[in-house]
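Inspection log for the structure reproduced underneath, given as structure tokens.
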Amino acid sequence: MTSSPMTRTQDGAARTAVEVRMEGLSRHYGHVVALDRLDLTLQPGELIVLLGPSGCGKTTTLRLLAGLEDADTGQIFVGGKDITRLPASKRDMGMVFQAYSLFPHMTVRQNVAFGLRLRHVGAAQRDKRAMEMLELVDLPTQADRYPHQLSGGQQQRVALARALAIEPQVLLLDEPLSALDAKVRAQLRDQIRRIQLEVGITTLFVTHDQEEALAIADRVGVMREGHLEQLAPPTEVYSRPATSFVAEFVGLSNRLSGEVRGGNVIVRGCTLPLVEQDRPDGQVVALVRPEAVTLASHDAPGSGPLSGTVIAVTFLGATSRVSVDLGDATVLAQLPTSEAATLTAGSRIVLAIRPDPVLVSADSGPAGAAEEEA
Amino acid sequence: MAAVTSVGEAPLAPSAKRPPGMQAGRRRRLNIFRYVVFTIFGLFFLLPLLAVARFSLEAPTKLGTWSVTAWRQIASYQGTGIPPLLSSIEITLELAVITCAVMLILLVPTMIWVQLRVQWLARTIEFLCLLPLTIPAIVLVVGLGEIYVKIQRISLSALMLFWVYVILALPYAYRALAAGLTAIDVTTLSEAARSLGASWFTVIVRVIAPNMRAAILNAVVLTTSLVLGEFTIAYLLLYTNLQVELYSISRNTPNASVLFSTTLAALVFTFLLLLIVSYAGRRRRGRG
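So, in structure tokens, the structure goes:
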């Protein structure tokens, strides 16, 4: 991402999207380290999603960038300018919150125009801009309604319009979809991405929903205990996780006992290449994605280390997830629905593992299917 | 990623529905209970007021007959060293306005600021605001006596009572405003406003305070009722407000019915004023 997308401005002119750089940011709450010397750079016009479990520091990062909290150490640069000590009101950032944050005593139009009013923009221009923003979020007909007359999804769209109306340099989204139901969440997620691309604004999005993160991000930053475990495009985070934490947190993984031998790991008779080639030989737990587990045969008599009994088949649409009891462990396999259609609980099947590079974990946790839900 | 499964809503079992006859019977019993309670409490409040009204309309010369003399005597009373009734009403109304204004200016920004920035001070502020509830008026007067001696060197106006009335109104106003503050998400609203470029002053005045309108109105109603009904402190500090004036009239008029007409007049005056304040506030609010 080397080019600098242009953001639309009120006058129809364009301005260059900015780079955001955080260097060595730390934040402590008493003895708890919320953020530990974080370095993160958002390229101009890029959408980075910070993903992680509760308390990993993702919201703290966003709040430090917004100026709603002060960093203990470190610096923040926006467009090359140090804004570390600038108050929130002077940072020129639009923000959408997890909680509904529209001002209840103002109409939708007044809410969207609020930031412009503070900037002493004339009434006519303010109104025009507010309507433009409402059109952007497909809510021009709701301009004269009050927030309590809108649904949750509509309120968040108005909040997005309000944040964008001031033409901020950076857009910050703090779990804006978490209070919405699944269908609205998916629709609004796509709408946010469309608008972000259209406006071309540098955006930091915080969520604990991995599906959301992988769906809209240019790059996903997986955080844990105040630092970034991995920052990479969604496909890389999913298919080549940098650490076992990322492998287990993003998506589903089967934890299968294995043995490292000469740069490979032997799992139930299958030889799989290692992501970390320099791993010393020894006993490990291999993290195998359900998609890497394939059906060898479902007519086989049922012997060998990867033969087992189907426990359940979950229909997911184009694919189905099959839980298989191997006797000493349970394995998840994600199969095309056409293949899984013939399987029922109690069927005996034989599985195979595709030789994709896998991560291994030294810890000796229980083998089986480890599921990390969004 | 998580599988999206839909869970159907189970239909209500027929046994879960109550027979309509049972519901109707229960509703009827509940309604009867409501009417009985309402009637008992209505009579409890209304009977003494009706008695006061009846006694205020008693003719001074002949018992058991009706007359409006006691009411006329309130308006026509001229006592030595006592201002006319209209002047006392005016002073009391001005006191109510000043007390409400000072109380709001003092309390609203302070409470919002404490909620937003110095939450560790919340308990202390609450304790200080509720303290006047525990101090008897006579103790307050003794304590404030010295201060009022100095105040009276500057002004002898009864309007100076607002200092002590603000203190007296603090507990009630604090409670009303605190309820309003907890009803809105102050932190999120203020952060949203700040991210849009609002200063702290703008956050308080244009974002938080307008959303506390109901709470502010309640605080105003409570403060107004306190000021309109206050007698002890004004009397002990030698000021004449409406209550002191009515007390003087009832004491100095040789007609026992005046005692009742003044009591009822004070009550009706306060009630009407509170009704106006409350109605005006709610009408303005109705739009949103």
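Residue numbers (the working numbering), protein chains in the order written: chain A, 96 to 469; chain B, 131 to 418. Glycine included, every Cβ here is placed at the ideal spot set by N, Cα and C. Since the structure is predicted, the reported quantities are computational estimates derived from the model, not experimental observations.
| request: State the CB to CB distance for the pair A/Leu-146 and A/Thr-156, rounded to an integer number of angstroms; the pair is presumed to be in contact (CB under 8 Å). | output: A/Leu-146 to A/Thr-156, Cβ: 12 Å. No contact.
| said: Once the 5 residues before and after A/Ala-310 are set aside, which same chain residues still bring their CB inside 7 Å of it? | reply: Arg-284
| query | What is the DSSP secondary structure of A/Glu-331, counted as helix, strand or coil? | reply | helix
| request: Measure the Cβ-Cβ separation of B/Arg-324 and A/Leu-163 and say whether it is below 9 Å. | output: yes
| From this set, A/Glu-270, A/Phe-209, A/Gln-250, A/Leu-135, which residue's C-alpha is nearest A/Thr-154's C-alpha? | A/Glu-270
| message | Just verifying my parser: in three-state terms, what is the DSSP assignment at A/Lys-176? | response | strand
| field | For A/Pro-368, the first and last residue of its enclosing beta strand (DSSP E) | value | 365-368
| query | Looking at the unbroken alpha helix (DSSP H) that takes in A/Gln-282, where does it start and where does it end? | reply | 277-294
| query | First and last residue of the alpha helix (DSSP H) that includes B/Ser-320? | reply | 316-325
| query | Taking one C-beta from the segment 196-207 of chain A and one from the segment 222-241 of chain A each time, how about it: are there three or more such pairs within less than 8 Å? | reply | yes
| request: Could you tell me which chain A residues have their CB closer than 7 Å to the CB of B/Ala-328, listed as they occur along the chain? | output: Ser-184, Leu-213
| Interface flag, A/Met-228 vs chain B, CB-CB below 9 Å | For A/Met-228, the answer is no, since every Cβ of chain B falls outside 9 Å of its Cβ.
| task | Could you tell me which residues DSSP puts in a beta bridge with A/Phe-410? | result | Secondary-structure assignment with DSSP links A/Phe-410 through a beta bridge to A/Ser-415.
| Since A/His-200 meets chain B, which of its residues come closer than 8 Å, beta carbon to beta carbon? | Pro-340, Asn-341, Arg-343, Gly-418
| On the premise that B/Leu-358 lies in contact with B/Thr-400, defined as a C-beta separation below 8 Å, what is that separation, rounded to the nearest angstrom? | That pair is a contact at about 4 Å.
| field | Cut-off 7 Å between Cβ atoms - residues of its own chain near A/His-215, not counting five sequence neighbours on either side | value | none
| said: Suppose the cutoff is 8 Å on Cβ atoms and the five residues either side in sequence are ignored; what does the same chain contact list for A/Ser-402 look like? | reply: Ala-395, Leu-421, Arg-443, Ile-444, Val-445, Leu-446
| chain B within 9 Å of A/Asp-276, Cβ atoms only | no
| At a CB-CB cut-off below 7 Å, which residues of chain A make contact with B/Leu-319? | Ser-196, Phe-198
| task | Mind the definition here: the segment 424-431 of chain A touches the segment 384-392 of chain A only if three or more C-beta pairs lie below 8 Å; say whether that holds. | result | yes
| Neighbourhood of B/Arg-336 by C-beta, 6 Å cutoff - its chain only, sequence neighbours within 5 removed | none
| task | Taking 9 Å as the cut-off, decide whether the C-beta atoms of A/Leu-266 and A/Gly-346 are in contact. | result | no
| task | Counting only the same chain and skipping the five closest in sequence on each side, list residues whose C-beta sits under 6 Å from that of A/Gly-397. | result | With a pLDDT of 48 at A/Gly-397, under the threshold of 50, the predicted position of this residue should be treated as unreliable, though the coordinate-derived value follows. Closer than 6 Å at the Cβ level, and outside the excluded window around A/Gly-397, lie Arg-443.
| Where does A/Tyr-124 fall in DSSP's three states? | strand
| request: Under 7 Å between beta-carbons, which chain B residues line up against A/Ala-225? List them in chain order, please. | output: The premise fails here: A/Ala-225 is roughly 13 Å from chain B at the closest Cβ pair, so nothing lies under 7 Å.
| field | alpha helix (DSSP H) runs wholly inside the segment 189-277 of chain B, at least 4 long, in chain order | value | 199-206, 215-246, 252-264
| request: Out of A/Pro-263, A/Thr-111, A/Tyr-241, A/Val-417, state which residue places its alpha-carbon closest to the alpha-carbon of A/Phe-198. | output: A/Tyr-241
| Candidates A/Ala-308, A/Ala-342, A/Tyr-195: which alpha carbon is nearest A/Arg-254's? | Checking the displayed sequence, the identity of residue 254 of chain A turns out to be Ala instead of Arg. That would be A/Tyr-195, whose Cα lies nearest to the Cα of A/Ala-254.
| Tell me which same chain residues have a C-beta within less than 7 Å of the C-beta of B/Arg-415, skipping the five on either side of it? | Low local confidence applies: a pLDDT of 46 at B/Arg-415 is under 50, so the model's placement there is unreliable, and no value is given.
| said: Tell me the DSSP secondary structure of A/Thr-168 in three-state form. | reply: strand
| message | Using beta carbons (cut-off 9 Å, strictly below), is A/Gly-217 in contact with chain B? | response | no
| query | Which residue's Cα is closest to the Cα of A/Gln-372: A/Ala-337, A/Asp-233, A/Pro-400? | reply | A/Ala-337
| request: Using DSSP bridges, identify the partner residues of A/Gln-429. | output: As DSSP reads the structure, A/Gln-429 sits in a beta bridge with A/Arg-416.
| Got a sec, what are the start and stop residues for the beta strand (DSSP E) A/Val-362 sits in? | 359-362
| query | Do B/Ser-217 and B/Trp-201 have their CB atoms nearer than 9 Å? | reply | no
| said: Taking CB distances under 9 Å as the criterion, tell me whether B/Val-337 reaches chain A. | reply: yes
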